[in-house]
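In the order they appear, the protein sequences are chains A and B. For the first sequence, this note's numbering assigns the number 1 to the initial residue and increments by one for each residue that follows. For the second sequence, this note's numbering assigns the number 1001 to the initial residue and increments by one for each residue that follows. Glycine included, every Cβ here is placed at the ideal spot set by N, Cα and C.
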Amino acid sequence: MDSAPWSDRSDPSVTYVPATVTRSAKIVVAGGFGVGKTTLIGSVSEVRPLRMEEPITQASAGVDDLRRAPYKTTTTVAMDFGRIHMAGGRIALYLFGLPGQSRFQPLWEDLAEGALGCLVLADTRDLDASHDALGLLDGARIPYAVAINTFPGAPGYPEEELREALALDPGTPLTVCDARDRTSSLHALITLTEYLSEHRSAALMESRR
Amino acid sequence: MSGPRRDPDMVRPYVRTQGRIRARDDVRLESVVIAATGPTDTLPPDARRVMRLFAGADGGLAVADIAAALELPPSTVRILVSSLMDSGHLTSPVPAAEDQPDFDLLQEVLRGLRSMV
Ligand SMILES: Nc1nc2c(ncn2[C@@H]2O[C@H](COP(=O)(O)OP(=O)(O)OP(=O)(O)O)[C@@H](O)[C@H]2O)c(=O)[nH]1
Ligand SMILES: [Mg+2]
């Protein structure tokens, strides 16, 4: 298993984007709790992955006293991200990890705006945990691919059963990866990006008809 | 270069975000900005903290990098950076001429990822 290139560095200070970078892009990595989002970002990032925290306030359900101000709770959502430089240092590709729970929808709008697409990680021990993320993506019309992260003891299913359980469109790529492995994670990102490229040509054809 | 745009009545309620309540559409989490010029001593504290990150920097930072470094919510940093672009303190890197106009970001990203494996 090859390790991330930043893992032997210890300098915690800010890593600047090289002056050669004139374009940036982003891919979102989504999925349920503990499915491997942070691990995947860490295995491909060329800089030490960082974390941001966004407080979100939500009105709680079940307000029974109308004279009282509605209950509000504030949750802090952590988002981690990494960065890859490419095209001779002209492009910085950012990878953002985002919890898939639908109560974080306000964050999705901010985060997903302008994203090339999304890689959804799923664990066969709890496929239902992916449904929120898939629903948010369908709602926001963000193209995505799904990667099954292989955990020890996780049941294997035939592809057709997985597609059915996840309610995937026939065209949506479904692949397998080990988020701890850089090459495997890169392959999952390549599968997504190839699909985005085809998806876009298909959309272009459609709009020309 | 002119200083930051300031409306004295607006500064107090929105100190953190310099009067802006919305981010510019072109200032997203992955948007990279670089330092331009302009006096920073009149800026509100959080905007000054952003500018201090760029002191002596040989490169840029994305909105997300700034949020992580300053431990500020990314939504706040989007607005701060938008204001600092309006006031000319920050600017976007200019793509090289050869990258225009048919530069295809998606194809470049695909090629870049493939070259890494
Ligand atoms: N075997 C195996 N373990 C993995 C894989 N991906 C992640 N893990 C492990 O699963 C645990 C959770 O991974 P994280 O990357 O923290 O998951 P996450 O999606 O970021 O979790 P939250 O941010 O808490 O939702 C860690 O102990 C990882 O080492 C994988 O592909 N295979
Ligand atoms: Mg995580």
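Partners in chain B for residue i, counting only beta-carbon separations shorter than 9 Å
{"i": "A:PHE104", "result": "The premise fails here: A:PHE104 is roughly 13 Å from chain B at the closest Cβ pair, so nothing lies under 9 Å."}
Chain A within 8 Å of residue i, Cβ atoms only
{"i": "B:SER1075", "result": "yes"}
{"i": "B:GLY1060", "result": "yes"}
{"i": "B:ARG1028", "result": "yes"}
{"i": "B:LEU1106", "result": "yes"}
{"i": "B:ASP1046", "result": "no"}
{"i": "B:ALA1067", "result": "yes"}
{"i": "B:LEU1080", "result": "no"}
{"i": "B:LEU1053", "result": "yes"}
Proximal chain B residues relative to residue i, where beta-carbon distance stays under 7 Å
{"i": "A:ILE41", "result": "Within 7 Å Cβ-Cβ: nothing; A:ILE41 doesn't reach chain B, min ~12 Å."}
{"i": "A:GLY114", "result": "ARG1028"}
{"i": "A:ALA87", "result": "GLU1108, GLY1112"}
{"i": "A:PHE81", "result": "ALA1064"}
Closer than 8 Å at the beta carbon, the chain B residues around residue i
{"i": "A:ILE190", "result": "LEU1110, LEU1113, ARG1114, VAL1117"}
{"i": "A:SER197", "result": "LEU1106, GLN1107, LEU1110"}
{"i": "A:LEU186", "result": "LEU1113, MET1116, VAL1117"}
8 Å contact criterion, which residue i and residue j should meet: CB distance rounded
{"i": "A:PRO143", "j": "A:LEU93", "result": "The Cβ separation is near 16 Å, so there is no contact."}
{"i": "A:ALA188", "j": "A:ALA30", "result": "At roughly 13 Å, the Cβ-Cβ gap does not stay under 8 Å, so A:ALA188 and A:ALA30 are not in contact."}
{"i": "B:ALA1062", "j": "A:SER24", "result": "6 Å"}
{"i": "A:VAL120", "j": "A:ILE84", "result": "Actually they do not touch by this definition, with Cβ atoms about 19 Å apart."}
{"i": "A:LEU186", "j": "B:LEU1113", "result": "6 Å"}
{"i": "A:LEU107", "j": "A:GLU54", "result": "6 Å"}
Chain A contact residues for residue i, given Cβ-Cβ distances below 9 Å
{"i": "B:ARG1095", "result": "Residue identity differs from the one stated: residue 1095 of chain B is Pro in this sequence, not Arg. Result: THR22, ARG23, ARG90."}
Beta-carbon neighbours of residue i, restricted to chain A and to distances below 7 Å
{"i": "B:VAL1032", "result": "VAL17, VAL21, SER24, ALA92"}
{"i": "B:ALA1057", "result": "TYR16"}
CB contact below 8 Å: residue i versus chain B
{"i": "A:THR193", "result": "yes"}
{"i": "A:GLU53", "result": "yes"}
{"i": "A:ASP110", "result": "yes"}
{"i": "A:PHE151", "result": "no"}
{"i": "A:SER201", "result": "no"}
{"i": "A:LEU50", "result": "yes"}
{"i": "A:THR74", "result": "no"}
{"i": "A:THR57", "result": "no"}
{"i": "A:THR183", "result": "yes"}
{"i": "A:PHE33", "result": "no"}
C-beta atoms of residue i and residue j nearer than 8 Å
{"i": "B:ILE1034", "j": "B:GLY1056", "result": "no"}
{"i": "A:ASP110", "j": "B:SER1075", "result": "yes"}
{"i": "A:ALA147", "j": "A:PHE33", "result": "no"}
{"i": "A:GLY114", "j": "A:LYS37", "result": "no"}
{"i": "B:ARG1024", "j": "B:MET1085", "result": "yes"}
{"i": "A:VAL151", "j": "A:ARG125", "result": "Checking the sequence shown, residue 151 of chain A turns out to be Phe, not Val. Against a cut-off of 8 Å, the Cβ pair of A:ARG125 and A:PHE151 comes out as a contact."}
{"i": "A:ILE91", "j": "B:GLU1071", "result": "no"}
{"i": "B:ARG1020", "j": "B:ILE1066", "result": "no"}
{"i": "A:PRO49", "j": "A:VAL77", "result": "no"}
{"i": "B:ALA1047", "j": "B:GLY1088", "result": "no"}
{"i": "A:LEU166", "j": "A:LEU127", "result": "yes"}
Which of helix, strand or coil DSSP assigns to residue i
{"i": "A:HIS85", "result": "strand"}
{"i": "A:GLU54", "result": "strand"}
{"i": "A:ASP181", "result": "coil"}
{"i": "A:ALA202", "result": "helix"}
{"i": "A:PHE104", "result": "helix"}
{"i": "A:GLY117", "result": "strand"}
{"i": "B:VAL1015", "result": "Low confidence applies here, because B:VAL1015 scores a pLDDT of 45, under 50, leaving its location unreliable; read the following figure in that light. If DSSP states are grouped into helix, strand and coil, B:VAL1015 belongs with the helices."}
{"i": "A:GLY156", "result": "coil"}
{"i": "A:SER43", "result": "helix"}
{"i": "A:SER24", "result": "strand"}
{"i": "B:ALA1062", "result": "strand"}
{"i": "A:GLY36", "result": "coil"}
{"i": "B:PRO1074", "result": "helix"}
{"i": "A:LEU166", "result": "helix"}
{"i": "B:VAL1094", "result": "coil"}
{"i": "B:ASP1104", "result": "coil"}
{"i": "A:SER10", "result": "Because A:SER10 carries a pLDDT of 42, less than 50, the predicted location of this residue cannot be relied on, and the following value inherits that uncertainty. Three-state DSSP puts A:SER10 in coil, outside helix and strand."}
{"i": "B:ILE1079", "result": "helix"}
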